[in-house]
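Residue numbers (full-length UniProt numbering), protein chains in the order written: chain A, 1 to 191; chain B, 1 to 191. Beneath this line is the structure, given in structure tokens, with notes to follow.
Here's what the structure looks like:
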């Protein structure tokens, strides 16, 4: 009988509300996603930076280079992913520090969600920018006379495609990170 | 003395925790932002759809049209902003319904934040895609022989620039919407 009485005991309620949040589990998942984001950002940068290709163009009779630096869109893509990579290192360390100091977790969740949204905007726009220009490179545009280049620079375009795929994955990881922070905050709100 | 005793009174604490959320104020701001998002999405679509321009090209001796439909990047941009506009109508109605039923507000905040993040990713990537291709139109790319077109099609490019600026504003409104939901959830977590 003593056990069924417990919920009506004021001292018991005082202890039970708010419920202890599952901080370690949440932040362990958060750290894993941030490490994944770091890996994706570094991979995207490495793959696009190593895309340079030199090819002999028979029509012009000369050697020509395709470099990611030739397009401001790809330079923006690299800068955005360097920022995302750096951000993932800082927030992984911050997330690890929360595991040792769980009392700060609610504040960190708010800050993580705020910044993750901004980095998502940056990475998604960079993916779009590079993707838009890469598509012109792949298909060309007859209406304005932009020729396709992927028939000549196959390695260059393969690297671009790989890098864009990884960047899309990084955007997805950032969406998951925001969802995780929001869901964790929602779980702490008393019903 | 009675007033200083109040905080130690268990009955007083029971009433004070959790504090009543300022649902109407929050959702009034939320509705305003969603109306702003709708206006931005519609403006971006209207401005880019009305950008078509016909010009006489002296070098070719013919009339040529510049149309947004000629580039898949701009078509993606229009589709993304139509989705964002439709989404803003649905969520404005949902947000208005919460003002009349405040007990559902926490659940709605979670759903809003989840979906707003996805729409932000869509709008940001569409802005990047169209921006990347518009930049090639503005500056050209000598390395791959893509000529600039904005020196001929001035009205077309002005419309593109205007539409991109409004789209950037829409992305910013979506970031604010996510921040607002996250902050409101954070305020409801007991300290």
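C-beta: ideal position from N, C-alpha, C; glycine also.
query, result
"Within 7 Å, strictly: CB atoms of residue 88/A and residue 37/A", "yes"
"DSSP-derived helix/strand/coil call for residue 7/B", "Below a pLDDT of 50, predicted positions are generally treated as unreliable, and residue 7/B, at 44, falls in that range; no measurement from the model is reported."
"Rounded C-alpha distance that separates residue 190/A from residue 31/A", "26 Å"
"Cβ-based neighbour list, residue 44/A, same chain, cut-off 6 Å, excluding 5 preceding and 5 following", "81, 163, 166, 167"
"Ranges of the alpha helix (DSSP H) found wholly within the UniProt domain \"Casparian strip membrane protein\" (29 to 172) of chain A, counting only runs of at least 4", "72 to 100, 105 to 139"
"Interface partners of residue 125/A on chain B, CB under 7 Å", "124, 125, 127, 128"
"CB contact below 7 Å: residue 106/A versus chain B", "yes"
"Test: residue 140/A CB closer than 7 Å to a CB of chain B", "no"
"Contact set between residue 72/B and chain A, taken where Cβ atoms lie within less than 7 Å", "135"
"Residue 26/A versus residue 184/A: straight-line alpha-carbon distance, rounded", "7 Å"
"Rounded straight-line distance, which links the Cα of residue 108/B to that of residue 95/B", "8 Å"
"C-beta neighbour in chain A for residue 175/B, strict 7 Å", "yes"
"Distance between residue 48/B and residue 67/B (C-alpha atoms, nearest Å)", "9 Å"
"Separation of residue 104/A from residue 199/B, as counted between CA atoms", "In this structure chain B extends from 1 to 191, so residue 199/B is not present and cannot be described."
"Nearest neighbour of residue 110/B, chosen from 186/B, 29/B, 33/B [CA to CA]", "186/B"
"Short Cβ contact (7 Å threshold) for residue 124/A with residue 41/A", "no"
"Separation of residue 174/B from residue 181/A, as counted between CA atoms", "17 Å"
"Where residue 182/A falls: helix, strand or coil (DSSP)", "helix"
"Residue 130/B beta carbon less than 7 Å from that of residue 77/B", "yes"
"Contact set between the segment 152 to 175 of chain B and chain A, restricted to residues whose Cβ is under 7 Å from the partner", "171, 175"
"Chain-ordered neighbours of residue 81/A on chain B, where CB pairs are closer than 8 Å", "Residues of chain B passing the Cβ test: none, with the nearest at roughly 13 Å."
"Contact the segment 142 to 150 of chain A vs the segment 53 to 64 of chain A: 3+ CB pairs below 8 Å", "no"
"Beta-carbon contacts of residue 34/B that lie in its chain and below 8 Å, excluding the five residues immediately before and after", "88, 91, 92, 95, 177"
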